[in-house]
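I have placed the structure first, in the form of structure tokens, so that the comments after it can refer back to it.
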Amino acid sequence: MTTSVVSIVYVNDAPTAARFYGDLLGMSPSFETPGYITFDLGPGADLGLWSGQFEHLSPDIPRTSEVCLAIDGGPDELNATFEQWQSKGVTILREPHDAGFGLTFLAADPDGNRIRVAPQD
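Right, dumping it as structure tokens:
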């Protein structure tokens, strides 16, 4: 049985991506090399940023997966997060809307990777 799940996001530049994600998450990396940086998201969960695996990632290339950040606090907290991200200039792909499981919005990192913010189950 696994003891941890690492969600890997492929990026052009791991240190640049780490600054972006660190700012959004309000945390510092837990592990750093020039091409691979991780964030400890809690027991059994890490976010890994890995560069050098694909060349010239572009936001123009459609993505079929996404990282989902599940937050506490209900719709007010989600809307506050949305407004905060907008003020930071984060690319918003879809504004807050009800997707059947609650209020959610969709954003993208500078490399075009999708980031969903949704309520915690």
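UniProt numbering puts the first residue of the sequence shown at 1, with every later residue one more than the last. For every residue, glycine included, the Cβ atom is placed at its ideal position computed from N, Cα and C. This structure is a prediction, so every number in the text was calculated from the model and none was measured.
I'd like to confirm the pairing. Which residues does DSSP put opposite residue i in its beta bridges?
i	result
Leu69	Val117
Arg94	Leu106
Gly26	BP columns for Gly26 are empty, so no partner.
Asp40	Asp46
Between residue i and the rest of its own chain, which residues show a CB-CB distance below 6 Å, the 5 nearest in sequence each way excluded?
i	result
Ile37	Ala14, Ala18, Pro29, Leu49
Val6	Asp46, Gly48
Relative to the C-alpha of residue i, which candidate in the options has its C-alpha closest?
i	options	result
Asp40	Gly102, Leu57, Gly22, Pro75	Gly22
Ala70	Pro62, Gly102, Gly52, Glu83	Gly102
Asp72	Thr104, Phe54, Arg114, Lys88	Thr104
Gln53	Ala107, Ser7, Asn12	Asn12
Gly74	Val5, Leu24, Asp121	Asp121
Arg63	Pro34, Val6, Ala108, His97	Ala108
Just to confirm, is the Cβ distance from residue i to residue j under 8 Å?
i	j	result
Val117	Thr91	no
Gly42	Thr3	no
Leu93	Pro119	no
Ile115	Glu66	yes
Secondary structure at residue i, three-state DSSP: helix, strand or coil?
i	result
Glu55	coil
Asp13	coil
Ser4	coil
Phe31	strand
Can you list, in chain order, the residues of its chain whose CB lies under 7 Å from that of residue i, leaving out five sequence neighbours each side?
i	result
Ile8	Gly48, Trp50
Ser58	Gly112
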